[in-house]
Structures are given as structure tokens and as C-alpha cells.
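Counting in this note's numbering, the sequence shown runs from 10 upward without gaps.
Ideal placement from N, C-alpha and C gives every residue a C-beta, glycine not left out.
Being a predicted model, the structure only gives us computed values, none of them experimental.
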Amino acid sequence: MTTRFWTAIADQLATIRTNRPTTVAEIIETLGGSAAASAGDAFFAGSGGDDQLWDALEEAGWRIHPIEGAYYYTATHPATGQSLTYIEGDVYDNTK
10 MTTRFWTAIA
20 DQLATIRTNR
30 PTTVAEIIET
40 LGGSAAASAG
50 DAFFAGSGGD
60 DQLWDALEEA
70 GWRIHPIEGA
80 YYYTATHPAT
90 GQSLTYIEGD
100 VYDNTK
């Protein structure tokens, strides 16, 4: 089970890096959308791993704006202005 879990997380991060999403909706869809959400619009379950959503977003061209650190930040796409907030795994769409 653990192997499948981390494989799924790696696949999500690889999809973000490869597809280079320009909208928050694309990121939310990649993370499983509301079906996987906790308190936000989506949830990134891999926050305990070595590879983080922050890293994938940055590599995909998003600008990261730390608020408290790796557990609480905003990310903005420079071309579209789309923005999300990440708080301990919860991903919130700031464009709504």
C-alpha cells in the first residue's frame, strides 16, 4: 500500500512538471479535485515526502511566495496571474 501511495504522489508531481499547468483548475484536477479535498479545493497528500508540491510548481514556472514556510505559501503563475494558497496539504483556489 505504501508503495502505491508514493507512486501516486510521484505521478501527480510528474504531471505538474511535465504539463506545466497555467491555471489553478489544472492543478486541482491533477491532485484529485474535490474528491480528494480536505478543507480546501484539493489536497496534496505527499507533504511528508522528500519531493514537494512547492518544488513541482516552481519547476513548472509558478512563483512561490512563502508566508510561513514550506507548509504555508501562495503560488502565482506569471503569465495568467492565477494563484493558489497551500496550507499543510490543503490547496485553495484564489481565483474564485
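Rounded to whole angstroms, how far is the Cβ of residue i from the Cβ of residue j, which I believe are closer than 8 angstroms?
i   : j   : result
W63 : I76 : Not confirmed; about 12 angstroms, so no contact.
R29 : A69 : 4 angstroms
T89 : T24 : Wrong, their Cβ atoms sit about 18 angstroms apart, outside the cutoff.
A48 : D99 : 5 angstroms
A8  : L22 : This structure gives no information on residue 8, because the portion of the chain shown stretches from 10 to 105.
Can you look up residue i in the DSSP assignment and give me helix, strand or coil?
i    : result
F53  : coil
D102 : strand
G78  : strand
S92  : strand
S47  : coil
T24  : helix
L66  : helix
G41  : coil
T32  : coil
Could you tell me if residue i is buried or exposed, where buried requires 16 or more neighbouring beta carbons within 10 angstroms of its beta carbon?
i   : result
A19 : exposed
G55 : buried
T39 : buried
Y95 : buried
F14 : exposed
So if DSSP puts residue i in a beta bridge, which residue, or which two residues, is it bridged to?
i   : result
R72 : T85
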